[in-house]
Amino acid sequence: RRSRGTASATDVSAVRPSLWVAVDTTVDGQVELATGRLHEVAVAPSGQAAETVADGTDVWGRRAATAEALARRGYERIPSLSTAEPATKGITNLPRWLAGAVDPVDAGVDGQGRRQYRATIPAALLGPTERGRRAVDANVVLVLDRRNQPVHVAIATVPGGPPLSLALDLSSLGAPAGIAPPA
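Residue numbers (our numbering): 1 to 183.
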């Protein structure tokens, strides 16, 4: 599964695993749900980039002045994110978050005529999005294409909690991504 979109977070967390580059980033990545692996490149408005690889509970990252310069950097393990819980990191948890979402409602269609559904992801399921602050619920909007395949997801924590916003376009569902952990 590929994802491309934006992320806005005031801290790194198991929900947004990465080395810090900025609050707002554009994100391009892949996940392998069967293996619990994640690969993402996040780019800040300044151009600074961070690349993340997660394999279950283990998270590695590298940072550079530009996305092109990432390949010249080595990965470092990120101990603060390489924790036993949750067992997988970042959007590899999207199916679990959606399955545990409560109060789903039909939200009509988007501007392209695709079905939308809204629900709430409970705080206990999402987990903390900022160190030292309690977890809060998040609102989720899921958009399905005409074949009822997920094509877009937007997740935003509720007001009053640490701000987190993810807006991702999804593609290549079920296609192998070939994500390998760093050596």
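Glycine included, every Cβ here is placed at the ideal spot set by N, Cα and C. As the structure is a prediction and not an experimental result, all values here were calculated from the model.
Query, Result
"Range of the contiguous alpha helix (DSSP H) that encloses Arg-1", "It is not in any alpha helix (DSSP H) - Arg-1 carries neither H nor E in the DSSP assignment."
"Whether Ile-91 touches Leu-19 by CB criterion (8 Å)", "no"
"Rounded straight-line distance, which links the Cα of Ala-22 to that of Pro-79", "20 Å"
"Limits of the unbroken alpha helix (DSSP H) element including Trp-97", "94-99"
"Stretch pair the region 24-34 + the region 134-147: three plus CB contacts closer than 8 Å", "no"
"Three-pair Cβ contact test at 8 Å for the region 69-77 versus the region 122-129", "no"
"Euclidean distance between Cα positions of Asp-106 and Ser-171", "22 Å"
"Sequence-distant residues of its chain with Cβ nearer than 7 Å to Lys-89 (five each side left out)", "Ala-14, Pro-17, Leu-38, Ala-54, Val-59 and Leu-81"
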